Amino acid sequence: MFRRLRYGISCCLLIWTTVVCTSCMDIIELRSEAFLIGMGIDTGDSADELQVSVIEVLLSPSQSSEGAEAAGGTMSKGKSGGGGQYRVITSNGDSMADCLRDIRLKLQKKLVLSKISYIVFSEAAARKGIKKEIDFLARASDFDQTAHLFVSEGKAADLLQKDQGKLLDFTTKGYSFLPAYLASEFWRVGVRMLNNGLESAALNRININGDILIFEGESYLLQDKLAYSLSTRDSKFTNILLNKKSGGLYISAYDPAQTTLEISHLARKTKYERKHVQLSYKLRAWVIESGVRKEIQNKAEIEQAAAKRIQKKLQQLLQETKELGIDMLGIGEKFRQRNWNTTDWHEQIKKLDIGVEVKVEILSGSGKSDFEK
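Written out as structure tokens, the structure is:
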């Protein structure tokens, strides 16, 4: 029996030693990895050149500014996210793969793409086309496809230098506190762009002014090229058009702005025909601001004015995008599902008749459909 016990103990020790030894072979020290939290994509010096910038979070004080200079980058201390330190490394090349290879050589580290939470395209790069970059990252096995996509009027590299952790905080937790914000996540844009290109994708426009992160509306892509931009003032109508109901969505019943309404309920019915698409919207809203009490009591007038203004804005938005061949609503995909013709869809949609009907119902402070008499 003692022999059997000694034999069992020996087998356990052998198994434990094997597991420990083989596991240690796969261990990579943290200091040999570069944890990237953001990426910027610009056009290069020549027409065919690409410029890629990455922002790395520094995990220890030993990764000093001397290390950043050796890698050809600059270092800045973040004012958010626990006061972490970051450095931005930039490289020019013929493709995304060339740029990332060069950055890896500069850092002498393995690039960890799984921590990237946002990608910023310069407007110049977005107008040129972003399909190759999206396709490259979609094929990267360690890339997190929930990363947010942004576009900036200036150079993306300059925006990363100003970032200091603001975009990281926003994309990981901050945007959840902005209920009217429609996030442009990588997987959504990638599916629309790479699968069939029938539905136009959107990128959120951003800028950084000092310590303030500024949102400047949305930009829409025609296939993979930026073609149309909306200001912050008009981007709220995108929520209604796309039937993305959210709290904190405020609309003025009159133009110029008077009698502010907060949308509490939003519903859309869509009827598809080969030559005509009809959109019917039903909104319920609270009157949250009005300078004249008598005006609030005239519920029917407010409902008619708000419905007329929203309908006009939605028709204007659809007309402007249709003329460019942009399909904000994904009508082409619905046609494809019905086995209808979608050949040369970006030309077809220019001729498609899209009707808009809007009904607005004003709620009272007690939650009833009519005001108290």
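Under UniProt numbering, the residue at position 105 of the sequence shown is numbered 105, and the numbers go up by one with no gaps. Even for Gly, the Cβ is constructed at its ideal location relative to N, Cα and C. All values reported here derive from a predicted model rather than from experimental measurement.
Which residues bound the beta strand (DSSP E) around residue i?
i: I326; result: It is not in any beta strand (DSSP E) - I326 carries neither H nor E in the DSSP assignment.
i: I130; result: Unbroken run through I130: none, as it is neither H nor E.
i: D353; result: D353 to L363
i: W286; result: H276 to E289
i: G154; result: Careful: G154 lies outside any beta strand (DSSP E) and carries neither H nor E.
i: R268; result: Q258 to Y272
i: I119; result: Y118 to S122
i: L50; result: L50 to L58
i: L111; result: K110 to V112
i: S46; result: Careful: S46 lies outside any beta strand (DSSP E) and carries neither H nor E.
i: S252; result: Y250 to Y254
Tell me the rounded alpha-carbon separation between residue i and residue j.
i: R205; j: E123; result: 9 Å
i: I116; j: R233; result: 30 Å
i: Q51; j: D102; result: 11 Å
i: F186; j: G154; result: 21 Å
i: K110; j: L100; result: 10 Å
i: E133; j: K225; result: 12 Å
i: N92; j: V191; result: 28 Å
i: S65; j: R87; result: Any reading at S65 needs caution, since the residue's pLDDT is 48, under 50, leaving its predicted position unreliable; the model's value is listed next. Their backbone Cα atoms lie some 8 Å apart in a straight line.
i: I331; j: L198; result: 8 Å
i: I27; j: Y175; result: At I27, the pLDDT of 48 sits below 50, so the modelled position is not reliable; the number obtained from the coordinates is stated separately. Their Cα atoms are separated by approximately 35 Å.
i: E289; j: Q258; result: 8 Å
i: S231; j: T90; result: 30 Å
i: V287; j: A305; result: 13 Å
i: E29; j: M193; result: 37 Å
i: K162; j: S252; result: 35 Å
i: V57; j: L168; result: 11 Å
i: K359; j: R309; result: 11 Å
i: Y281; j: F136; result: 39 Å
i: A202; j: L279; result: 21 Å
i: G78; j: D158; result: Confidence at G78 is low in this model, with a pLDDT of 49, below 50, so the placement of that residue should be treated as unreliable; the coordinate-derived value is given next. Near 15 Å, if we compare the C-alpha coordinates of D158 and G78.
i: I130; j: F35; result: 24 Å
i: E333; j: Y254; result: 35 Å
i: I362; j: F335; result: 35 Å
i: D48; j: D94; result: 7 Å
i: A125; j: T270; result: 35 Å
i: A97; j: Y181; result: 32 Å
i: L314; j: K244; result: 14 Å
i: R188; j: A138; result: 11 Å
i: S114; j: R31; result: 16 Å
Exposed or buried, what is residue i when buried is set at 16 or more other beta-carbons lying within 10 Å of its beta-carbon?
i: E323; result: exposed
i: I212; result: exposed
i: residue 389; result: As displayed, the chain neither begins before 1 nor continues past 373, which places residue 389 out of reach and without an answer.
i: Y118; result: buried
i: D353; result: exposed
i: S235; result: buried
i: residue 377; result: For the chain, the structure presents residues 1 to 373; residue 377 sits outside this window and is missing.
i: D42; result: buried
i: H148; result: buried
i: H276; result: exposed
i: F121; result: buried
i: K351; result: exposed
i: S141; result: exposed
i: T146; result: exposed
i: N196; result: exposed
i: L105; result: exposed
i: S152; result: buried
i: T171; result: buried
i: S53; result: buried
i: K173; result: exposed
i: H346; result: buried
i: T342; result: buried
With distance defined between alpha-carbon atoms, name the residue in the options nearest to residue i.
i: L241; options: K299, D327, W345 and G190; result: D327
i: W340; options: K312, N207, Y272 and S229; result: Y272
i: L249; options: F150, I263, A201 and K299; result: I263
i: K128; options: L261, E216 and A227; result: A227
i: V183; options: A156, F215 and L159; result: In the sequence under discussion, the amino acid at residue 183 is Ala, which differs from the Val named in the question. Out of A156, F215 and L159, F215 has the C-alpha closest to the C-alpha of A183.
i: I349; options: E49, R338, L159 and Q319; result: Q319
i: G217; options: Q278, Y281, L160 and F150; result: F150
i: V356; options: A125, G38, R139 and R268; result: R268
i: Y220; options: S200, I37 and F237; result: S200
i: L329; options: T260, L222 and A307; result: L222
i: K312; options: V112, S32, F143 and F237; result: F237
i: F143; options: A300, M39 and H346; result: M39
i: G44; options: Q108, Q316, K166 and A156; result: A156
Hey, could you find the ends of the alpha helix (DSSP H) residue i is sitting in?
i: G93; result: Taken as a continuous stretch (DSSP letters only), G93 belongs to no alpha helix (DSSP H), being part of the beta strand (DSSP E) at Q85 to G93.
i: K106; result: M96 to L107
i: G40; result: It is not in any alpha helix (DSSP H) - G40 instead sits in the beta strand (DSSP E) that spans E33 to T43.
i: E333; result: I331 to Q337
If you measure from the CB of residue i, is any heavy atom of the ligand FMN nearer than 7 Å?
i: E49; result: For the ligand FMN, the structure offers nothing, since it holds no ligand at all.
Would you mind listing the alpha helix (DSSP H) stretches within the stretch 168-235 that are 4+ residues and don't spill past its ends, in chain order? 186-191
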